[in-house]
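Chemist: Protein chains in written order, with our numbering: chain A, 185 to 482; chain B, 185 to 482.
(1) Which class does residue 373 of chain B belong to by DSSP, given the choice of helix, strand or coil?
(2) Could you name the residues of chain B that residue 266 of chain A contacts, counting a contact when the two beta carbons are closer than 7 Å?
(3) Do residue 353 of chain A and residue 345 of chain A come within 7 Å of each other at the CB atom, strictly closer than that value?
(4) Near residue 321 of chain B, what residues of its chain come up, given a Cβ to Cβ distance below 8 Å and the 5 sequence neighbours on each side ignored?
(5) Which of helix, strand or coil does DSSP assign to residue 503 of chain A?
(6) For residue 215 of chain B, go through chain A and note every residue whose CB falls closer than 9 Å to its CB, in chain order.
(7) Determine the closest residue to residue 243 of chain A out of A:195, A:317, A:409 and A:297, with distance taken between C-alpha atoms.
(8) Enumerate in chain order the residues of its own chain whose CB-to-CB distance from residue 434 of chain B is below 6 Å, with the five nearest sequence positions on each side excluded.
(9) Any chance you could list the beta strand (DSSP E) runs of at least 3 consecutive residues sitting entirely within the segment 279–353 of chain A, in chain order?
(10) Buried or exposed: where does residue 299 of chain A fall if 16 or more other Cβ atoms within 10 Å of its Cβ makes it buried?
(11) On the CB-based measure, 16 or more other CB atoms within 10 Å of its CB, does residue 376 of chain A come out buried or exposed?
(12) What are the residues of the segment 323–350 of chain A that lie near chain B, defined by any Cβ-Cβ distance shorter than 7 Å?
(13) Just grab the DSSP bridge partners of residue 394 of chain A for me.
(14) Output, in chain order, the set of chain B residues within a Cβ distance shorter than 7 Å of residue 312 of chain A.
(15) Any idea which residues DSSP pairs residue 368 of chain B with across the strands?
(16) Alpha carbon to alpha carbon, what distance is there between residue 355 of chain B and residue 393 of chain A?
(17) Compare the C-beta of residue 269 of chain B with all C-beta atoms of chain A and state if any pair is closer than 7 Å.
(18) Measure the beta-carbon distance from residue 349 of chain B to residue 481 of chain B and round it to whole angstroms, keeping in mind my assumption that it falls under 8 Å.
(19) Can you tell me the Cα-Cα spacing of residue 207 of chain B and residue 384 of chain B, whole angstroms?
(20) Does residue 241 of chain B pass the burial test, meaning 16 or more other C-beta atoms within 10 Å, or should it be called exposed?
(21) Helix or strand or just coil, what does DSSP make of residue 222 of chain B?
(22) Which same chain residues end up closer than 8 Å to residue 204 of chain A when comparing Cβ atoms and leaving out the 5 residues on each side of it in sequence?
(23) Which residues of chain B have a Cβ atom closer than 8 Å to the Cβ of residue 273 of chain A, listed in chain order?
(24) According to DSSP, residue 481 of chain A sits in a beta bridge with which residue or residues?
(25) Can you tell me which of the three DSSP states residue 433 of chain A falls into?
(26) For the ligand ATP, is there a heavy atom less than 6 Å away from the beta-carbon of residue 431 of chain B?
(27) DSSP state of residue 462 of chain B, grouped into three classes?
(28) For residue 203 of chain A, report the span of its alpha helix (DSSP H) as first-last.
(29) Taking residue 323 of chain B as the reference, give the member of B:347, B:285 and B:359 with the closest Cα.
(30) Quick check on residue 264 of chain B: does DSSP put it in helix, strand or coil?
(31) Kindly indicate which three-state DSSP category residue 186 of chain A falls into: helix, strand or coil?
(32) Taking the straight line between their C-alpha atoms, what separation do you get for residue 341 of chain B and residue 231 of chain B?
(33) Which partner residues of residue 213 of chain B appear in the DSSP bridge assignment?
(34) By the three-class DSSP mapping on this structure, what secondary structure does residue 355 of chain B have?
(35) Considering Cα atoms alone, identify which of B:333, B:327 and B:447 is closest to residue 273 of chain B.
(36) Do residue 318 of chain B and residue 254 of chain B count as a contact pair if the criterion is CB distance below 7 Å?
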């Protein structure tokens, strides 16, 4: 039995759907159903359900976006830094292997040597480097509190997307924002993320931290071009194209920060090779975006 | 009615004793009695007790010392960063004025210009500066989460001491440690701290942050000399002197860190003048130490 925490979140709901589709016994719990942030409640839940593996997909991301975390600091700190440590304590007390959905947003740009960030690189977008959003600070602190955790995966998700229109979907965001920021990013196809992370457990790959992004990186304008390409394809086939025709870009990061954002955003390129090295494949990023757009569900 | 959170702690217990002595109606609550870390419980407690003022003396300091906070990171982060924000949320929801016992340990040394740290100086011993103990990091983060809080005092305590032998008492520590670290510090006589902070409320001085240390600063060796002076005085009067005769010092901070400490300590000098400027007096530090030693209770 697999226990999923954060049942109603964007990632947690996907986990539940995935496990259901594969007919793997699971229980997905929301905080509204049971306050698992209390250690004693979580330990009791684990004792009651006896999971062979636990997935922590709960976290605080801010609505409508990460700027909200600058206001709801208590919830952000509790959800992203304290709570992972609570799950760790509960899993260690009950000897339960588990995985934590972390984030690549603890990095900015590329490494100093120009290469993508590897799992062991120290976060450069965190409280410690004093340049990050409050959200990124708490996610990095959350990983710190998992240092030395045994029987634990830390899976770094980055800007989830897939073929389903949703305010949390990166593609939806690009289509809805009036103006876009040009930036280079590694990103994660959400369904592939869920599959790849669960594969970590099924294949019993070594515990530890994994960047779970689709291989490669894209500029915002690359994604926009893929959207335009799909619109053209559909028109050529005489089909309706539900995507916008025009996209506007901020002139600079400075203009973006001045006009649109309250807190710095993480844009970063991550190294996917550790996951590949343990035999888990994800689709190259451009292909994954094309597929999502081709199968778009409004 | 005054509501005190953290009734069984070193500071909270002093608050209860102080208010009791003055026959001011109060209720001092421990977490064991009621889990006030849950926002809904705390709001209910405030609604039930209708305090005119609330004191948060709860926090996580680590036993036997701050090194323990490097192990109990979850408790440290929850107690010192999340919990003050929970108290803030509860006090704002119920329109209750309150005071938070913070710490001067978010600073190290003196300001770059050689002067003591003022209330508005940015902490230089925190997660943000990436040089601190985990404890100090969480205390500084706790203050961040109180930014913009109205009807709130932030009182910075520094190395409490008084005339009562206690493992938390700075004087007890100096007498018990086999080897001492020479360092310059501002420190707080605990009874005076309690009195001065409560005076903030009684005198309705402006809300905000106050360094609540005895005026001045002392080197460790100054305090040792005061202990020796008191021993001599007692011997001259034919009295027993309960203090050690010999004190050893580490050769350097490097030696101290190598041999005795797992995490960096805050040693710092704080500016007391804001508290004085609102008409609240504390005894000059050397005099306060002399008085504590003269009235020592084992």
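By construction, the Cβ of each residue, glycine as well, lies at the ideal position given by its N, Cα and C atoms.
Modeler: If we stick to the structure as given:
(1) strand
(2) 258, 261, 262 and 266
(3) yes
(4) 310 and 311
(5) Since the first residue of chain A shown is 185 and the last is 482, residue 503 of chain A is not available in this structure.
(6) Ordered by position in chain A, no residue passes the 9 Å Cβ test against residue 215 of chain B, which lies about 13 Å from the chain.
(7) A:195
(8) 363, 365 and 440
(9) 282–287 and 336–341
(10) exposed
(11) buried
(12) 329
(13) A:339
(14) 311 and 314
(15) B:403
(16) 45 Å
(17) yes
(18) 6 Å
(19) 18 Å
(20) buried
(21) coil
(22) 210
(23) 258
(24) A:348
(25) strand
(26) Inclusion of the ligand ATP in the displayed structure is not the case, the ligand content being empty and no account of it being possible.
(27) coil
(28) 194–205
(29) B:285
(30) helix
(31) strand
(32) 29 Å
(33) B:189
(34) helix
(35) B:333
(36) yes
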